[in-house]
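Novice: Residue numbers for the sequence shown, in my numbering: 93 to 155.
By construction, the Cβ of each residue, glycine as well, lies at the ideal position given by its N, Cα and C atoms.
Mind having a look at this structure? Questions to follow.
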Amino acid sequence: MRSQATVDEISWMKAMIPHHSSAILTSERADIKDERVKELAEEIIRAQEREIKEMQKLIEDLE
93 MRSQATVDEI SWMKAMIPHH SSAILTSERA DIKDERVKEL AEEIIRAQER
143 EIKEMQKLIE DLE
């Protein structure tokens, strides 16, 4: 198991935003045929977008 240094909440959120953005791009660019999988990808996009906005607001409040 690899060791990771601990980070504060602002650093953590700043690191998570690109991670979430990558999930959005991957979901948007996927060539999905199955409607169930397509709906799952759309749910992921909505959730990740919501979480990015929430993290941006929290970062603004905490900085």
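Measure the Cβ-Cβ separation of residue 119 and residue 137 and say whether it is below 9 Å.
Specialist: For this step, residue 119 is matched to residue 27 along the sequence shown. For this step, residue 137 is matched to residue 45 along the sequence shown. Closer than 9 Å, so yes.
Novice: Might you give, ordered along the chain, the residues of its own chain that have their beta carbon closer than 8 Å to the beta carbon of residue 99, omitting 5 neighbours on each side?
Specialist: Working through the sequence shown from its first residue, we reach residue 99 at position 7. Excluding positions up to five away in sequence, the list reads 107.
Novice: Anyone know if the C-beta pair for residue 154 and residue 109 falls short of 9 Å?
Specialist: For the purposes of this step, residue 154 is taken as the residue at position 62 of the sequence shown. For the purposes of this step, residue 109 is taken as the residue at position 17 of the sequence shown. It is not a contact, given that the beta carbons lie outside the stated cut-off.
Novice: So, are the CB atoms of residue 151 and residue 112 less than 9 Å apart?
Specialist: The residue given as residue 151 occupies position 59 in the sequence shown. The residue given as residue 112 occupies position 20 in the sequence shown. No; because the gap between Cβ atoms is not below 9 Å, this pair is not in contact.
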